[in-house]
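Participant:
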Amino acid sequence: MSADFVAGGQDLELESIRKEFPGFVAVDDLDLKIPAGEFFALLGPSGCGKTTTLRMIAGLETPSAGRILIGGNDVTDQKPHQRPVNTVFQNYALFPHMSVEENVAFGLKQRKVDNPQQEAQAALEMVELQHLAARRPQQLSGGQQQRVALARALVNRPALLLLDEPLGALDLKLRRQMQIELKAIQMEVGLTFLHVTHDQEEAMDMADTVAVMNHGHIEQMGAPEALYDRPKTAFVAKFLGQSNIFVGEVAEADDAKLAINFKGNRLAAPAARVEKTKGKVAIGVRPEKTSFHPEKPASDPAVNILGRGTITDIRFTGVSNQYQIEIPEVGEITVFAQNVGKSPVVELGAEVWVSWKVEHSFGLADLPTGEEEVAE
Amino acid sequence: MAFVALGPQAPVASQKPTKTGRVALYLLLPGLFYLGLFFLTPLFSLILTSLKAPSATGVIGRYDVALEIGNYGYALGQYAPQIFRSFSFALIATVIALAISYPIAYFIGVTARNRPLLKGMLLTLVIAPFFISMLLRTFAWKQIFSNDSWLLNTLKDIGLMGADSYIIGTDFAVIFGLVYNFIPFMTLPIYASLDRLDLRLVEAGHDLYANSFTTFRKITFPLSMPGVISGTLLTFIPISGDYVVASRDFLGSTDTAMIGNVVEANFLRIQDYPTASALSVLLMAAIVILVSAYVRRSGTEDLL
Chain A
0 MSADFVAGGQ DLELESIRKE FPGFVAVDDL DLKIPAGEFF ALLGPSGCGK
50 TTTLRMIAGL ETPSAGRILI GGNDVTDQKP HQRPVNTVFQ NYALFPHMSV
100 EENVAFGLKQ RKVDNPQQEA QAALEMVELQ HLAARRPQQL SGGQQQRVAL
150 ARALVNRPAL LLLDEPLGAL DLKLRRQMQI ELKAIQMEVG LTFLHVTHDQ
200 EEAMDMADTV AVMNHGHIEQ MGAPEALYDR PKTAFVAKFL GQSNIFVGEV
250 AEADDAKLAI NFKGNRLAAP AARVEKTKGK VAIGVRPEKT SFHPEKPASD
300 PAVNILGRGT ITDIRFTGVS NQYQIEIPEV GEITVFAQNV GKSPVVELGA
350 EVWVSWKVEH SFGLADLPTG EEEVAE
Chain B
0 MAFVALGPQA PVASQKPTKT GRVALYLLLP GLFYLGLFFL TPLFSLILTS
50 LKAPSATGVI GRYDVALEIG NYGYALGQYA PQIFRSFSFA LIATVIALAI
100 SYPIAYFIGV TARNRPLLKG MLLTLVIAPF FISMLLRTFA WKQIFSNDSW
150 LLNTLKDIGL MGADSYIIGT DFAVIFGLVY NFIPFMTLPI YASLDRLDLR
200 LVEAGHDLYA NSFTTFRKIT FPLSMPGVIS GTLLTFIPIS GDYVVASRDF
250 LGSTDTAMIG NVVEANFLRI QDYPTASALS VLLMAAIVIL VSAYVRRSGT
300 EDLL
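Here the protein sequences line up with chains A and B, keeping their order. Mapping of the first sequence onto numbering that gives the first Met the number 0: residues 0 to 375, in sequence order. Mapping of the second sequence onto numbering that gives the first Met the number 0: residues 0 to 303, in sequence order.
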């Protein structure tokens, strides 16, 4: 009847999954493979289809087309209670008429496990809440409820654990703490975690692999470092961290580098870091890899230079200063400078030149539409 | 820490409730006055009457103030069958009404939740009977069930009823009428509970390996208990004292008389006011005992 217990996490495969609601397509022919035991984050703005994808995997939503496989078994037509999957819901969805322990033991009792109370106690110990086992969920704080929800799902040792923005309701400090704990628990139990979130820091911090989702499809997928270092689309470049992006016609392209003509300035990127070599190309750079200088730097083929501009805004964020530099005809550029004691002494209105190393540039496959700014 | 709590802050903490408490008291005054005048006074008068003795003058319908506890024994002994019948009918009708109302309430509150038009129409249908007097509606059923009605003739023609059998005046007719009259009182509170039911909890149940039946039994139904309790109380209590449906003028006969009918007869026809009052007090006491036992047993104090 119900799914068997599994020794460890299993892999998840989505084959051309599609979900249509009246009037719009929530998930558009999505293909995805998550290896067993991995911590996988599905990252995207609200309305991008990530929660719908998660609900289809849990069986709470029926896909319009496509197949879902868990550990190689097709579960597309299985009811939620038959799938070896458990969910930590966004609002926790703890049963208000049951004690914490009864909540945690619920799944075990349905599967007729021996000693459900004992197992539930062990799970509560893992999240350090054994002393609150007799309480009702509404008597707990948000962070405690979150742990109960986690224990209730984990105690079943699902092949796949789905987390639907589980930390969204917690305050920042608690959230950072839970991120660390969640990651530690995942490593300890070795289950496959699929974490849905709109918080890019959370996704990059916790996940082995991040898939950035937008408008029902995956824009880019990879290790957090790789995604951040080389975003391939304007959406990823803007949603995952910040980027300065410049669009211009290709001026030269060879095996080593690609350069565009950006309003009279030559901006280059290494050939290995560009997606497109013809026509109009967008070249970007991260603000922390950009620096500014009070004097015009000496011309250097390994450095991209833009200027002269004016500092229009300085924001102190603690570890770094964030500068907005307005360059006539070019637009606005963001620069982060770490506060390590030797940051250039500048004030609002100072005239500066901006530069970055060519090797830090990345070329995008598409052009920014302006919509990305809104998404963040 | 404890000393801090007992320190200068403590009086401040206790001052606020007193202030709001006084306002609440003022707001309560009209209600308390109303209750005192229109509930406690008649209740006191009722208890007084229930202890009266027949007038020494021997005039029928005249009674003197006394302490005639025996009135209660007499009422109990004389009308035990009607008392028993009242509570049996009330129990059976409540259970049937619950069985009929729960699916209706579930459909309106859960299935039709995202269809406001359908929901509004169904709710109107549930409430619509209130637009017509209960007496008229019960009288209509008397006509439908009467011996030469179209319904009975048809049933007799196709052999589902014997040629000389009847419906009016039977237990069936009375229980049917009671269920019919009280279905809205059962449906609306259950609907109110189910309408608030967080469907994500139901999803969580499915996610935790419970099939639809188990999810209903362990999650949906327990969470709708406040509605079920209110509904059953709003049905059981008035039915226990109902005197319209079971009366001979409507769907009942002398064989179906309930406490209400006996009280009515004693008050208005026989003019035996002490017995009628004693029966009323007994009915009230029995309901209070039954209801408090029921609410305690259902263990929903923290949900109510």
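Just so you know, even glycine gets a beta-carbon here, dropped at the ideal spot from N, CA and C.
Under the DSSP definition of a beta bridge, which residues are partnered with A:Y322?
Facilitator: Answer is A:I313, A:V334.
Participant: So A:L190 contacts chain B; which residues on that side make the cut at Cβ distance below 9 Å?
Facilitator: None at all; the shortest Cβ gap to chain B is about 15 Å.
Participant: Consult DSSP for B:S132 and reduce its assignment to one of helix, strand or coil.
Facilitator: Three-state result, B:S132: coil.
Participant: Please specify which runs of the alpha helix (DSSP H), each continuous and at least 4 residues long, are wholly inside the stretch 123-187 of chain A, giving them in chain order.
Facilitator: Runs found: 141-153.
Participant: Identify which residue in A:A270, A:A268, A:E248 has its Cα closest to the Cα of A:F261.
Facilitator: Out of A:A270, A:A268, A:E248, A:E248 has the C-alpha closest to the C-alpha of A:F261.
Participant: Output yes or no for whether 9 Å exceeds the beta carbon distance between A:R17 and A:P62.
Facilitator: Yes; because the gap between Cβ atoms is below 9 Å, this pair is in contact.
Participant: Counting Cβ pairs closer than 8 Å, one from the stretch 123-140 of chain B and one from the stretch 217-232 of chain B, do we hit at least three?
Facilitator: Judged by Cβ distances under 8 Å, the stretch 123-140 of chain B makes no contact with the stretch 217-232 of chain B, as fewer than three pairs qualify.
Participant: Mapping the DSSP letters down to three states, classify B:S13 as helix, strand or coil.
Facilitator: In this predicted model, B:S13 has a pLDDT of only 42, less than 50, meaning its place in the structure is not dependable; the value taken from the coordinates is given anyway. Residue state, collapsed to three classes: helix.
Participant: Using a Cβ-Cβ cut-off of less than 7 Å, list which residues of the stretch 193-212 of chain B approach chain A; keep chain order.
Facilitator: Within the stretch 193-212 of chain B, the qualifying residues are R199, L200, E202, A203, H205, D206, L207, Y208, A209, N210.
Participant: Near A:F94, which residues of its chain fall below 6 Å by C-beta distance, leaving aside the five closest residues on each side in sequence?
Facilitator: Closer than 6 Å at the Cβ level, and outside the excluded window around A:F94, lie N102.
Participant: Are B:S54 and B:A277 closer than 9 Å when you measure CB to CB?
Facilitator: For B:S54 and B:A277, no; Cβs fall outside 9 Å.
Participant: At the level of alpha carbons, what is the spacing between A:V246 and A:I324?
Facilitator: So the alpha carbons of these two residues sit roughly 18 Å apart.
Participant: Check A:D73 in the structure and name its three-state DSSP category.
Facilitator: Looking at A:D73 - three-state DSSP - the assignment turns out to be strand.
Participant: Just the chain C side, please: which residues come within less than 7 Å of B:I218 by C-beta, in chain order?
Facilitator: In summary, chain C is missing from the structure at hand, where the protein chains are A and B.
Participant: Quick one: measure Cβ to Cβ for B:T93 and B:F249, integer angstroms, because I've assumed they're closer than 8 Å.
Facilitator: The Cβ separation is near 20 Å, so there is no contact.
Participant: My assumption, with CB atoms under 8 Å, is that A:I332 sits in contact with A:L305. Please give the rounded CB distance.
Facilitator: Between A:L305 and A:I332 the Cβ distance is about 7 Å, and since that is below 8 Å, they are a contact.
Participant: Once DSSP output is grouped into helix, strand and coil, what is the label at A:E328?
Facilitator: If DSSP states are grouped into helix, strand and coil, A:E328 belongs with coil.
Participant: Assign B:Y242 to one of three DSSP states: helix, strand, or coil.
Facilitator: Residue state, collapsed to three classes: coil.
Participant: Less than 8 Å between the CB atoms is what I'm expecting for A:L41 and A:T51, so what's the real figure, rounded?
Facilitator: About 11 Å; that fails the 8 Å criterion.
Participant: Three-state secondary structure (DSSP) at A:E274?
Facilitator: Coil at A:E274, not helix or strand.
Participant: Tell me the start and end of each unbroken alpha helix (DSSP H) in the stretch 181-249 of chain A that is at least 4 residues and wholly inside, in chain order.
Facilitator: Entirely contained in the stretch 181-249 of chain A, the alpha helix (DSSP H) runs reaching 4 residues are, in chain order, 199-205, 223-228, 233-238.
Participant: CB A:G43 to CB A:F192, shorter than 9 Å?
Facilitator: Cβ atoms of A:G43 and A:F192: not closer than 9 Å.
Participant: When the cut-off is 9 Å and only beta carbons count, does B:P221 lie next to chain A?
Facilitator: Interface residue, yes.
Participant: Taking 9 Å as the CB-CB cut-off, is A:H194 touching chain B?
Facilitator: Not closer than 9 Å to any Cβ of chain B, the Cβ of A:H194 fails to qualify, so no.
Participant: Is there a Cβ from chain B that is less than 9 Å from the Cβ of A:P21?
Facilitator: Chain B, which has no Cβ nearer than 9 Å to the Cβ of A:P21, makes this no.
Participant: Would you kindly check if the distance between the Cβ of A:K288 and the Cβ of A:W355 is under 9 Å?
Facilitator: Their beta carbons are under 9 Å apart, which means A:W355 touches A:K288 by this criterion.
Participant: Output the boundary residues of the beta strand (DSSP E) element that contains A:E19.
Facilitator: 11-20 is the span of the beta strand (DSSP E), which, as asked, contains A:E19.
Participant: Taking only three categories from DSSP, how would you classify A:H292?
Facilitator: A:H292: strand per DSSP, three-state reduction.
Participant: Pick from B:P128, B:F86, B:S44, B:A23: whose alpha carbon is nearest that of B:M257?
Facilitator: The shortest Cα separation from B:M257 among B:P128, B:F86, B:S44, B:A23 belongs to B:F86.
Participant: Smallest Cα separation from A:V280: which of A:L366, A:A92, A:C47?
Facilitator: It is A:L366.
Participant: Hey, does A:R174 have any beta-carbon neighbour from chain B nearer than 9 Å?
Facilitator: False, the Cβ-Cβ gap to chain B never drops below 9 Å.
Participant: Is it the case that the Cβ atoms of A:H216 and A:V284 are separated by a distance below 9 Å?
Facilitator: Cβ distance not < 9 Å, so A:H216 and A:V284 don't count as in contact.
Participant: Three or more beta-carbon pairs under 8 Å between the stretch 172-190 of chain A and the stretch 105-112 of chain A, yes or no?
Facilitator: At 8 Å Cβ cutoff, the stretches do not touch.
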